[in-house]
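Residues in the sequence shown are numbered consecutively from 1, following full-length UniProt numbering.
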Amino acid sequence: MCGITGFIDFKGSSSEKVLKDMVATLHHRGPDGNGAEVYTTGNNVQVGFGHTRLSIIDLSNNGHQPMHFEDYSILLNGEVYNYKEIKAALLKEGFLFNSDSDTEVVLKAFIKWGRECVHRFIGMFVFIIYSRKEQKLYFCRDRAGIKPLYIYEEGGLLLFASELKSFHKHPGFRKILNKYAVYDFVQYGYITGNQSIFENCRKLAPSSWEVHDLKTGTKQEQRYWDLLEHFKKPLIKADTQEITTLTESLIQSSCDYRMVADVPVGVFLSGGYDSSLVTALLQKDKTEKIKTFTIGFPDGIDESKYARQVADHLGTDHTSYNSTHKDAQHIIPKLPYYYDEPFADISAIPSILVSELAREKVTVALSADGGDELFAGYTWYNKFYKRLAEINAMPEVIKPLSSAIARNINVLIPRQKHHLKHRLKGLSKVWAATPENRLSELMYQSRRLPDNLNNLLFQERFASKPKIFSKDYKGLNSEYASMLAIDYQMNLTDCLLVKVDRASMSASLEGREPLMDHRLAEWAAQLPMEYKFDGLTHKKLLRDITHKYIPKEIMERPKVGFDLPVFDYLKRELAYLIDENLNEAAIKESGIFNPGFVTLIVKQFREDKLLHKPLIWRLLMFQLWYKKWMK
């Protein structure tokens, strides 16, 4: 695990000092070493490669980056867990190795197999390879987008980095606010897709190659994997016992791979099904106790006692910490620094806390994200499940008429009735959608804010719809497949994986995701829906496997997740944050929102009359980010 940064400068105006300054901003991602090298091509194009290292595999200096072989150089952030098998194949091909690092394996795999090498990799990674002979740079990101890479391009300058803060150290970077990204953030609490909070800046797309030709100044993009294609394959036909056995075997393999390290490894244990299953599979048949970590919330809904029960049953070495408003008060001002962009998932706070807790004893910690998206674990799936059934029950022939009626009635509703107008407009859009895209339209209409509320909140009008909702979902193997595919590629990639990466790296801790193994994702995409959600039980298959190791009476309870009572804090101990950042002067300074309407929102929040309560947190997170990075 590392931080990487650098540049391609066609004007030749960068320097090694600038590169070193860029590297220094990523020290928390890699405190064990760093490297910074600038190369100049024959036509005076500068290439800067910078790296900070968190030593996980091969702790010697042989793992130092940038790493070179023949005419190639590489930067790698992440891990390729099956590197030993790939290394064995390369040894048979005559390659020799100077280290036991996965970085050298990735470089030589690329030299041997070219871009096809990525299909052999099991892991999380971003790597950049510079071929001096070809005068090309190859950028590659893992399938799900677990590891980040931002790219800035303007005026003959390209910057790249694991985190945006690195760009601020280059004199060629112009921080121009992307107002469409702000609109997007306010709708969902995070910035979706490949866009960034800054103009001329984007994220390298998950599961993609991007090749930059230094001779021509052109680039080529290639997608090498798409989970949606696996949702189009035929459903698996096998009996329940066989499916259960094969699923458990695949999860076991995923967990075992993510224990590959030359440093101590632990597990984040919430007490829910996903983290409990990961812990159970890792602890079984082992005499040494796995280290597990959890955060409790005495002020809110505290599930740490259930995590303790799971830990005691499995026999792990468990550490727990109780969070209070003082922890939130300590961490909230740091969120804009570590997340770089506005980010409003409240569980970022306990994620940072549990990362700091784990880092005292381990250097790697396994998380359990992905189970809900792959196996339909969220309670809102039940809502969509029922609504789609109701909509589909209406004869197709009258849906266009119903859509027109709802659209016309909506015009007559007073604009102050935000939510009623939103529901009528949403129904109109859903009824008008094609059958295969009906569920994606339902999800989109349900998740964004009402148009009238947006019009009152923002000083400008915006029309932005994430591309994921506009895809063609024809040919899927289940009418509910689009629901899972959207959450995998949006909620998971754009929000949860960002949260875990920044939180863990803020503590110089490597976070690993066993349920994000692409083999498991491909397998789950072809499982019949009844193994995920049968209309009553969420994550049915994962629950059944978990019950083999942990009794039902410990596991079965309502799903709540991290429940830090931030909204209560904001009315009491942390009320000053709203006073300082959502006052009229602060809102005018950022220039995005209407000050008078924000004042009304604050008043409604403090009187418990704000219908969309997350909005207050999103506005606060944007204002704190703006204060940190735009002043």
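Every residue gets a Cβ at the ideal spot worked out from N, C-alpha and C, and that includes glycine.
Note that the structure is predicted; figures quoted are calculated from it, not measured.
Query, Result
"Cβ shell of ARG120 (< 6 Å), same chain only, five flanking positions each side left out", "ILE86"
"TYR321 - containing beta strand (DSSP E), residue span", "317-322"
"VAL380 burial status per 10 Å Cβ neighbour count (16 or more: buried)", "Note that residue 380 corresponds to Trp in the displayed sequence, not to Val. TRP380 is exposed by the Cβ-count criterion."
"8 Å CB neighbourhood of PHE462 in its chain, flanking five on each side removed", "LYS179, TYR180, TYR183 and ASN454"
"Under the three-state DSSP convention, the category LYS175 falls into", "coil"
"Short Cβ contact (9 Å threshold) for PHE10 with VAL45", "yes"
"For ASP9, three-class secondary structure by DSSP", "strand"
"Beta-carbon spacing of residue 657, TYR130 below 9 Å", "Any question about residue 657 goes unanswered here, given that the chain covers just 1 to 631."
"Residue 634 versus LEU624, ALA525 and LYS627, residue with shortest Cα-Cα distance", "Outside the shown range of the chain, which is 1 to 631, sits residue 634, and nothing can be said about it."
"From SER15, ILE332 and ASP534, residue whose alpha carbon lies closest to that of TYR569", "ILE332"
"Nearest-angstrom Cβ-Cβ length linking PHE125 and LYS147, presumed shorter than 8 Å", "6 Å"
"Contact under 9 Å by Cβ, TRP523 with LEU250", "yes"
"Cβ-based neighbour list, LEU107, same chain, cut-off 7 Å, excluding 5 preceding and 5 following", "MET67, PHE69, TYR72, ILE74 and ILE129"
"Which listed residue (ALA389, PRO414 and LEU427) has its alpha carbon closest to that of ARG407", "LEU427"
"PRO466 - DSSP class collapsed to helix/strand/coil", "coil"
"Cβ separation of ALA344 and TRP113, assumed to be a contact under 8 Å, to the nearest whole Å", "With 8 Å as the limit, ALA344 and TRP113 do not qualify as a contact, their Cβ atoms being about 41 Å apart."
"Sheet register partners of CYS2 (DSSP bridge)", "ARG53"
"Buried versus exposed call for SER196 [16 or more other C-beta atoms within 10 Å across all chains shown]", "buried"
"Status (buried if at least 16 other CB within 10 Å, exposed otherwise) for ASN77", "buried"
"Own chain, CB closer than 8 Å to SER304, minus 5 neighbours either side, in chain order", "GLY271, THR294, ILE295, GLY296, PHE297, SER320 and ASN322"
"Sufficient close CB pairs (3 or more, under 8 Å) joining the region 23-33 to the region 47-62", "yes"
"Contact the region 536-552 vs the region 277-296: 3+ CB pairs below 8 Å", "yes"
"Where the alpha helix (DSSP H) containing SER504 begins and where it ends", "497-506"
"Sequence-distant residues of its chain with Cβ nearer than 8 Å to ILE554 (five each side left out)", "TYR306, GLN309, VAL310 and HIS313"
"Which of helix, strand or coil DSSP assigns to GLU210", "strand"
"PHE121, DSSP secondary structure in three states", "coil"
"Integer-rounded CB distance, given that PHE622 should sit under 8 Å from GLN459", "About 14 Å separates the two Cβ atoms, so there is no contact after all."
"Euclidean distance between Cα positions of ASN392 and THR599", "42 Å"
"Of the residues VAL263, LEU439, LYS165 and ASP285, the one placed nearest TYR339, counting alpha carbons only", "LYS165"
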